[in-house]
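Student: Per UniProt numbering, the very first residue in the sequence shown carries number 1; after that it's consecutive. Take a look at this one; I'll ask things after.
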Amino acid sequence: MAELSRRQFVATAALTTGFAIAVQPIAQGVIRTDAQGLRAGTVRIPVADGEIPAYRAMPAMGANLPTILVIQEIFGVHEHIQDICRRLAKLGYLAIAPELFARQGDVSKLNQIDEIRAVVAQVPDGQVMSDLDATVTWAVGASQGNGKKLAITGFCWGGRITWLYAAHQPQVKTGVAWYGRLVGNATERTPRQPVDVAAQLRAPVLGLYGGQDTGIPLDTVALMRERLQAGTSSSQIVVYPEAPHAFFADYRPSYREADAQDAWNRLQVWLRQYGVSP
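What follows is the structure, encoded as structure tokens:
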């Protein structure tokens, strides 16, 4: 994506209204959560160089709401991520998912995974941390969010970001990372990985991983556990032995209903345990 003026950037950034093209066809049993009793839809977040779109869902009534950042997979803030925001809103949370690839390109319109990875590879961690900081500021200042009850959860690409942001932002009280990569090479755009920040975590993070995930070897999970034990955050990792990568993605063949439901229940208990509950 070429460098754009602020006006051009604001005008072109948008959210998809359905599922990403690359994830078609959609599984028959996909979970669809309605917006009854909610305020749900696209909002715009002021950031350092303009605005980015985000999907926000929250109860129609109430204020000073516990706030959860929901971090996308590599497919962007498509319908699955939006539905997760609505599920959390039904539980009483202000859930908000900023489109963190907005400057680099619209991955929801791409149908080849290599094309998507090429776009995502251009997204610097520093940009992501700054955009999430701006999202928190907006949620608290303009959307009835409670900055003292702030959590983060993310999936796949967003699982990695969950670990990193929990180390970056002292306002975060807790997080839940779903099958996010834990190790990797240091680059200019991605200077640190979750294993590098594990011992410094202040907020406890619950990691949810699949034992059959071919992209996240169990030895890297073991290394992360070892690094976490050297810290003081009370973070934990749960591994579902028979689950593949993306076992929570109900729109994909990788979905494993029993493991997904157990993990969703664990998320709710974890949030309550660490003071982020309605």
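Think of the CB as a built atom: it goes at the ideal place given N, C-alpha and C, for glycine as much as any other residue.
#1: Would you list, in sequence order, the uninterrupted beta strand (DSSP E) runs of no fewer than 3 residues that lie entirely inside the stretch 227-270?
#2: Do you know how far the Cα of residue 246 is from the Cα of residue 268?
#3: In the DSSP output, what is residue 146 paired with across the bridge?
#4: Would you please state the rounded distance, in angstroms, between the beta carbons of residue 203 and residue 130? I believe it to be under 8 Å.
#5: Once you ignore the five residues that flank residue 259 on each side, which residues in its own chain have a CB closer than 7 Å to its CB?
#6: Residue 57 and residue 85: beta carbons closer than 7 Å?
#7: Measuring straight from C-alpha to C-alpha, what distance separates residue 105 and residue 157?
#8: Measure the CB-CB distance between residue 54 and residue 43 and report whether it falls below 7 Å.
#9: Which residue marks the beginning of the alpha helix (DSSP H) containing residue 165, and which one marks its end?
#10: Do you know offhand how far residue 107's Cα is from residue 27's?
#11: Determine the DSSP secondary structure at residue 221, reduced to helix, strand or coil.
#12: Helix, strand or coil for residue 74 per DSSP?
#13: State yes or no: is the C-beta of residue 77 within less than 7 Å of the C-beta of residue 51?
#14: Would you call the stretch 151-171 in contact with the stretch 130-141, where contact means no fewer than 3 C-beta pairs closer than 8 Å?
#15: With 16 other CB atoms within 10 Å as the buried threshold, where does residue 148 fall?
Tutor: Taking the definition as stated:
#1: 236-240
#2: 19 Å
#3: 66
#4: In fact, because the Cβ distance is near 19 Å, the residues do not count as touching under 8 Å.
#5: 240, 243 and 247
#6: yes
#7: 16 Å
#8: yes
#9: 157-168
#10: 20 Å
#11: helix
#12: coil
#13: no
#14: yes
#15: exposed
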